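According to numbering that gives the first Met the number 0, the sequence shown holds residues 0 to 964 in order. Just so you know, even glycine gets a beta-carbon here, dropped at the ideal spot from N, CA and C. Note that the coordinates shown come from a computational prediction; the quantities given were computed from them, not determined experimentally. These notes concern the structure reproduced below.
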Amino acid sequence: MHSTDPACDDASGRGIRAAGAPRLRGRDREIAAARAALDVVRGGRGACVVVEGAAGVGKSRFLAELVRTARRSGFDVVPVRADEFDQYAAGAALQSALHPSDGSRRVLATADDQRLLLLDSIADALEERAQHAPVAVLVDDAQWADPATLFVLRSLPGRLAAARILWVLAVRADAERPIVARVREDLERLGARWLTLGPLPQQDLQHIAADVLGSSPSPALARLLRGVAGNPFLAIELVRGFTDTDLARLETDETGLLPGGVPVGFRRSVAARLDRLPEDALRLLQIGSVLGREFDLGTAARMMGRPVGSLLSAVDGALDAGLLSADGPRLAFRHDLTRQAVHDNLPPAVRTALHREAADSLRGTGARPAEVAWHVVMSGGPVDDHSVTTLTTAVRDMSSSAPDAAADLAQRIAGSLSPHDRRRIALLTDAAEYLGRTRRLHEALDLVDLTLPEGLEPPQEARLRLVAAEIQQAAGDDAAAMTHLERALDLPGLPSGLRVRLLKTKATGHVYLGDIAAAERTGTGLVEASYGSDDPAVVVSAMVFQSQTAFYRGHLARALELAETATRRAGALPVAPHLRPPRIPALWLATVLTSTDRLADTARTLREGQRDAEALGLGWSLPHWHAARACALLEQGALDDAAVEAEASIAVADELEIALPDPQARAVLALVETGRGDLARAREHLGAADTGTHTHRYGPWVFLARACLADAEGDGGTAAAVLAEGFAGQDPARLLVLPPSHWPGIVRTALRGGDSAFAESVTTVLRGVAVQEGSRRVVGAVHAHLDGLLRRDAGALGAAVAGYRSSGRPLALAAACEDLAELTAAAGDTASAVSSFEEAARLMSASGAARDQERVRGRLRRLGVRTAPVRPHPAGPHGWDDLTESERKLVPLVVEGLTNRAVADRLYVSVHTVNTHMKHIFAKLGINSRVELTRLAIERGADGDPPDRPGAPAAATRRGDSLSG
């Protein structure tokens, strides 16, 4: 693919009598629509246009006109044009157009998963350019674009919708690539403007002929023009052929359409012009048609067995005939239809042999693997080891930026190999692994099921089952993953390294299932062997595993010690250890910290860990980082910011096409909406979270959210039953998935639902969590809170209130205050009850828990205290007063002209967090762009922060992004 300016691509060719390209005829309506899109972008909002039509209908000519119009309007134009062999390219041509020589491609090449790096790199560059001038990104022949560029085109128009960027794609209407179809679907959902360039009327074709000839076409030529099916390029070529040959004598039936949609007259026109060429020019064009739309003269000379100098006359002949151009470093056909006509005139056997020879020649000169791979595919598939190696290399190169395209190519290669070829199983296993990184999860597992019965050797079957297990674990189906692992471990003769990987994955699976005893049994010898390993990454992995088992046994101090040591060691490694969430050391450390007295340290750990993960190309882990931050913010009582991080988790998972969004993020959103009082939205989030796989990792969050919603709806019995289903048994592991502030709520809900036995059971289990250094305050406060609820002990609840005050958990403190107030009110101590209720209401208000606040204010009113009505959380366009503190922080930075990336760097947060905040700001203010936000902010003052409303909580009391630094 090339970053080529279509405005400079003279479609008329040499040998045409009129100077320059003919006028763009018959497209006034489409040009007006494109100009309207330019006006939208000039006004500050993004827009997307898809130009669709048959080959030769004028898409490139239309784009050339649009480029000239955009540049006259002050646009920064980023043009990209694809070639057929770009379908197998590993890089992103759009990135090359934006970063031609800054080395970013080399950085990407070192990453295990390039997708997020790719998106962020291109988004940052475009957003930066859009700060200085509106940008137009034009991709011609998008049906051939490299998979990475197509991935970008699916994701960034939505992410950058508020930036001054116009996206224009020109694509053939008959494009068959599935990934192109997905691009179409995604852009249609975003509201892209569709411009279909259909056949031109006869009158416009005659005007084009007159533009080329300099005079009106003759009646004979006018009759021939009826046979080009309204295609302007074919009309131009027919005019050229009519003036240079005896095409005027064509029979009427020769102006019909060939099976490929190309008129017979055009094919004969090209054939007639080839017949008039010297022999060496004809051979050059034939070889060139095999090499591609653009080709290197040196490569063509080698295939012809000729020195380059001996082909100068052949080049001149092709140029003079108007079939080739030489405007760039390579020779190029004037239009791909011309190349296709020359190519298709070759006998099929000759075409196949020439493509095979081209692959060999290009491979020997170090050409791009994508170009060689295209020739191998065009030759009918791999027939030798070199061809298989070439295609396999292309698969692996693509896998990090376009795993779905890599999987498709791997399956295609495997299908061309003998059933007994060992490489076939390796390719199918790789294909399943790559599909497992995308939304095509079921295809991946179906591929595993189809491949397993093929009589595999034990190591092949074990590796395939390991891939299936990792896919199942990523999707949350830990039981199915365990079945694959157990069957793999039963196979004989496995290499020791593969067996260790299987055992490690199985031990982790037991942790995911909450069976800590089984995890410890599986990992007994494994941990000892890991500590003796020379590989530091293996030691880190063992430490994380030990930390997890200690944590779920309730030994928080030991878990914290191991997690911190593992994180320090991982940070000193030259390459990040390949661990899946939540076993990434810093991510696991943040989980442990959230349950200790060092909750405030979670912010730094998550911020630094996520930035390291992004820099190392661990983009697939990003949803888990945002979900972990959402849980920590919820523990800190920052409901608005917790919701933002949960939404960012889902958005990144969607952007990266991760198979299933983390139910944890959805459960957090359900808990937030329940606290706010929007029960309908809470139900929606729970519906999305309830995947049916209530595993140790996700189940506790989903059960908690379901119970809280049922309790808020007044169905205490159902709430208690849900909790009993989710947290039954004497093992603390499932309870410890949740941070400590949620533990008393489980007991309170059970008591309110009439299940005192379950409440007593939970309390007994949680008393087993040791009160140790590092968690003394919060665990001690929770123990007191639990005792106070069970025994209705005001003294214990008072101790809980005192313990929570220094824990950094305002909603836990509010709950303890409310529980204490209920007891003291029942005992007739109204003054103490009012004081505790008022403190709870203040804390709930500051956290954004409007429903909880309204419940407490209702109790105050029953005690004779007048209270102001609670302002519900907004659910539609509102105004400046509805912006959260975190959202307000962004406004002056936008006014300052900072990009989203620069804002993220300034505030020490993820760019995806900023993206989500910006969407909320736009929704609350009823605007669509940064330009509008800047204008509104300037109108209201430099920082856009109006005075507080009478009776509203001061901005300073609202919860900010306390994890953002």
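Candidates the options, of which the one nearest residue i by Cα
| i | options | result |
| --- | --- | --- |
| residue 740 | 142, 290, 700 | 700 |
| residue 172 | 878, 194, 897, 434 | 194 |
| residue 95 | 121, 910, 432 | 121 |
| residue 762 | 751, 781, 775, 774 | 781 |
| residue 159 | 504, 392, 186, 169 | 186 |
| residue 487 | 473, 503, 474 | 503 |
| residue 73 | 720, 132, 370, 464 | 132 |
| residue 292 | 913, 327, 181, 274 | 327 |
| residue 85 | 648, 527, 397, 906 | 397 |
| residue 189 | 175, 47, 928, 25 | 47 |
| residue 539 | 523, 524, 569 | 569 |
| residue 604 | 340, 631, 791 | 631 |
| residue 369 | 325, 465, 83, 166 | 83 |
| residue 936 | 889, 123, 64, 898 | 889 |
| residue 586 | 356, 367, 566, 597 | 566 |
| residue 670 | 810, 520, 343, 868 | 810 |
Beta strand (DSSP E) segment containing residue i, residue limits
| i | result |
| --- | --- |
| residue 78 | 75 to 80 |
| residue 51 | 46 to 52 |
| residue 171 | 164 to 171 |
| residue 139 | 134 to 139 |
| residue 331 | 330 to 332 |
Beta-carbon proximity check, residue i vs residue j, cutoff 7 Å
| i | j | result |
| --- | --- | --- |
| residue 785 | residue 746 | yes |
| residue 78 | residue 137 | yes |
| residue 81 | residue 140 | yes |
| residue 978 | residue 393 | Here the chain covers residues 0 to 964 and nothing more, so residue 978 does not appear. |
| residue 237 | residue 49 | no |
| residue 698 | residue 553 | no |
| residue 92 | residue 145 | yes |
| residue 558 | residue 510 | no |
| residue 235 | residue 269 | no |
| residue 823 | residue 832 | yes |
| residue 43 | residue 928 | yes |
| residue 525 | residue 562 | no |
Residue range of the alpha helix (DSSP H) that includes residue i
| i | result |
| --- | --- |
| residue 555 | 555 to 570 |
| residue 506 | 495 to 512 |
| residue 745 | 742 to 751 |
| residue 225 | Run containing residue 225: none; DSSP gives neither H nor E here. |
| residue 910 | 910 to 924 |
| residue 412 | 402 to 415 |
| residue 196 | Segment 192 to 196 is the beta strand (DSSP E) holding residue 196; no alpha helix (DSSP H) there. |
| residue 818 | 809 to 825 |
| residue 540 | 535 to 551 |
| residue 433 | 421 to 434 |
| residue 373 | 368 to 377 |
| residue 891 | 884 to 894 |
Burial state of residue i (16 or more Cβ within 10 Å)
| i | result |
| --- | --- |
| residue 729 | exposed |
| residue 349 | exposed |
| residue 312 | exposed |
| residue 916 | buried |
| residue 551 | buried |
| residue 109 | With a pLDDT of 45 at residue 109, under the threshold of 50, the predicted position of this residue should be treated as unreliable, though the coordinate-derived value follows. By the neighbour-count rule (16 or more Cβ atoms within 10 Å), residue 109 is not buried but exposed. |
| residue 463 | buried |
| residue 724 | exposed |
| residue 617 | buried |
| residue 527 | exposed |
| residue 202 | exposed |
Neighbour flag for residue i against chain D, beta carbons, 7 Å
| i | result |
| --- | --- |
| residue 428 | The structure shown contains no chain D; it holds only a single protein chain. |
Practice task
Could you say if the segment 413 to 420 and the segment 438 to 447 meet the contact criterion of at least three C-beta pairs nearer than 8 Å?
Solution key: no
Exercise for the section: Give a yes or no on contact between the segment 288 to 308 and the segment 332 to 339, applying the rule of three or more CB pairs nearer than 8 Å. Expected result: yes
Exercise for the section: Please determine if the segment 386 to 399 and the segment 367 to 378 are in contact, where contact requires at least 3 C-beta pairs separated by less than 8 Å. Expected result: yes
Practice task
Say whether the segment 147 to 154 touches the segment 24 to 35, bearing in mind that this needs 3 or more beta-carbon pairs closer than 8 Å, one atom from each stretch.
Solution key: no
Practice task
Decide if the segment 52 to 61 is in contact with the segment 176 to 185; the criterion is three or more beta carbon pairs, one per stretch, under 8 Å apart.
Solution key: no
Problem - Touch test, the segment 713 to 720 against the segment 674 to 688, Cβ-Cβ under 8 Å, three pairs minimum - result: no
Exercise for the section: Please determine if the segment 644 to 657 and the segment 906 to 924 are in contact, where contact requires at least 3 C-beta pairs separated by less than 8 Å. Expected result: yes
Handout entry: Cβ pair count under 8 Å reaching 3, the segment 846 to 865 against the segment 635 to 643
Key = yes
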